[in-house]
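Enquirer: Reminder that position 79 of the sequence shown reads as 79 in UniProt numbering, one-by-one numbering, no gaps.
Virtual Cβ for every residue (Gly too), placed ideally from N, Cα, C.
Below you will find the structure I want to go over with you.
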Amino acid sequence: MSAAAAGPGSIRDFYALARIGVRLLKERPNAVKASLEAAQARAQAQAQAGSAQAQAQQAAGATEQQLQRDLARRARLGPSGGR
């Protein structure tokens, strides 16, 4: 039974990929290290972007709440503004 016949995600596929990884580590350790560092930098950038987006959404929510409070106050005071 070949690895292809065993289906995707089989144990044979796993071991084949593991052998490739070990060979890469032995033959090109600097390339593997650079690739891992690049992946880590991408993950960190995505996390920071997510944090910035959350902060922007929070600020937008606070602004919306302030607008709603202002509208409610104006509705209570009437068209003359309470004068």
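#1: Indicate the three-state DSSP secondary structure (helix, strand or coil) for R19 in the structure shown.
#2: Please report the distance separating the alpha-carbon of G9 from that of L17.
#3: Determine the direct distance from the alpha carbon of L24 to that of V32, and round the result to whole angstroms.
#4: Looking at the structure shown, is G9 part of a helix, part of a strand, or coil, going by DSSP?
Expert: This is what the structure holds:
#1: In the structure shown, R19 sits in a helix (DSSP, three-state: H, G or I).
#2: Their Cα atoms are separated by approximately 11 Å.
#3: Rounded to whole angstroms, V32 and L24 show a C-alpha spacing of 7 Å.
#4: Here DSSP, grouped into helix, strand and coil, assigns G9 to coil.
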